[in-house]
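Numbering of the sequence shown is given in the working numbering, commencing with residue 151 and proceeding in unit increments. Ideal Cβ placement from N, Cα and C applies to all residues, glycine included. Quantities reported herein were computed from a predicted structural model and do not represent experimental measurements.
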Amino acid sequence: MTGHVTVVDHPLVQHKLTLMRERETSTAVFRQLLREISQLLAYEITRELDMTTRRIETPLCPMDAPVLAGKKLALISILRAGNGLLDGVLELIPSARVGFVGLYRDEETLQPVQYYFKVPEELEDRLVIALDPMLATGNSSAAAVDLLKKAGATNIRFMCLLAAPEGIETMRQAHPDVPIVTASIDERLNEKGYIVPGLGDAGDRMFGTK
Ligand code: URA
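Here is the structure:
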């Protein structure tokens with residue numbers, strides 16, 4: 151991909167995102183909209199995948215038809231909100247391999263600490279798409295990408311629903327080689343680290359927790 155950040159400003163994405171932002175949107179509708187948007191973001195983030203051809207027979211004649219080249223790509227959900235993007239992307243790319251990265255924030259050091267890490271083998275040969283709906287401070291996203299690189303990944307893209315300018319800057323400094331695809335760059339973070347105007351806590355809204 152060219153450019154560090156791609157904002158998918160397609161009207162369907164923007165309309166669905168507005169519905170997600172609304173306070174009164176139910177958990178069920180929020181989750182469904184996230185699934186739908188994740189597929190539209192996946193369409194964009196996979197736009198330049200390598201292709202090859204395979205000899206096939208149509209009912210009329212043989213042809214060399216385009217197919218995806220290389221190893222199955224790896225989708226990495228950054229827990230727990232990443233799972234909301236994962237479901238939809240997997241529907242679109244059912245043969246993708248799947249991994250999970252769990253990080254929590256140490257309340258004293260404020261640094262992300264890993265509590266779970268399980269990723270597919272041969273990450274170095276795959277396109278790796280890290281999934282997290284909210285790129286807020288960017289600290290946990292940057293830490294998750296660090297872990298993926300340590301595990302061998304060299305070709306990583308980051309998919310989110312909303313990004314704060316602060317998070318984009320953190321990622322740009324830590325991982326300038328990782329393109330970001332998002333539905334919106336919002337105004338700012340508030341003092342609690344929430345994206346404004348944002349949509350609240352994505353995990354709580356998709357799972358119905360508080
Ligand atoms: N995580 C969320 O779920 N929401 C925000 O606004 C920021 C981080």
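Residue i (DSSP reduced to helix, strand or coil)
i	result
E341	coil
R355	helix
P216	strand
L191	helix
R204	strand
Q264	strand
R364	With the chain covering only 151 through 360, there is no way to say anything about residue 364.
V121	Since the first and last residues shown for the chain are 151 and 360, residue 121 lies out of range.
T332	strand
L285	strand
L184	helix
L312	strand
Any non-hydrogen atom of the ligand FMN within 8 Å of residue i CB
i	result
I345	Absent from the structure shown: the ligand FMN. Ligands present: the ligand URA.
Enclosing beta strand (DSSP E) for residue i [first to last residue]
i	result
A280	L277 to L281
G252	R247 to R255
K225	This sequence places Leu at residue 225; Lys is not what is there. Start and end: A224 to I228.
Bounding residues of the alpha helix (DSSP H) (the contiguous stretch that carries residue i)
i	result
K299	N289 to K300
Q164	P161 to R171
T320	P315 to A324
V155	Not the alpha helix (DSSP H): V155 falls in the beta strand (DSSP E), residues V155 to V157.
L235	G232 to L242
heavy atom of the ligand URA below 8 Å from residue i C-beta
i	result
P329	no
A294	no
P283	yes
A231	yes
G234	no
L312	yes
L349	yes
G353	yes
A280	no
A286	yes
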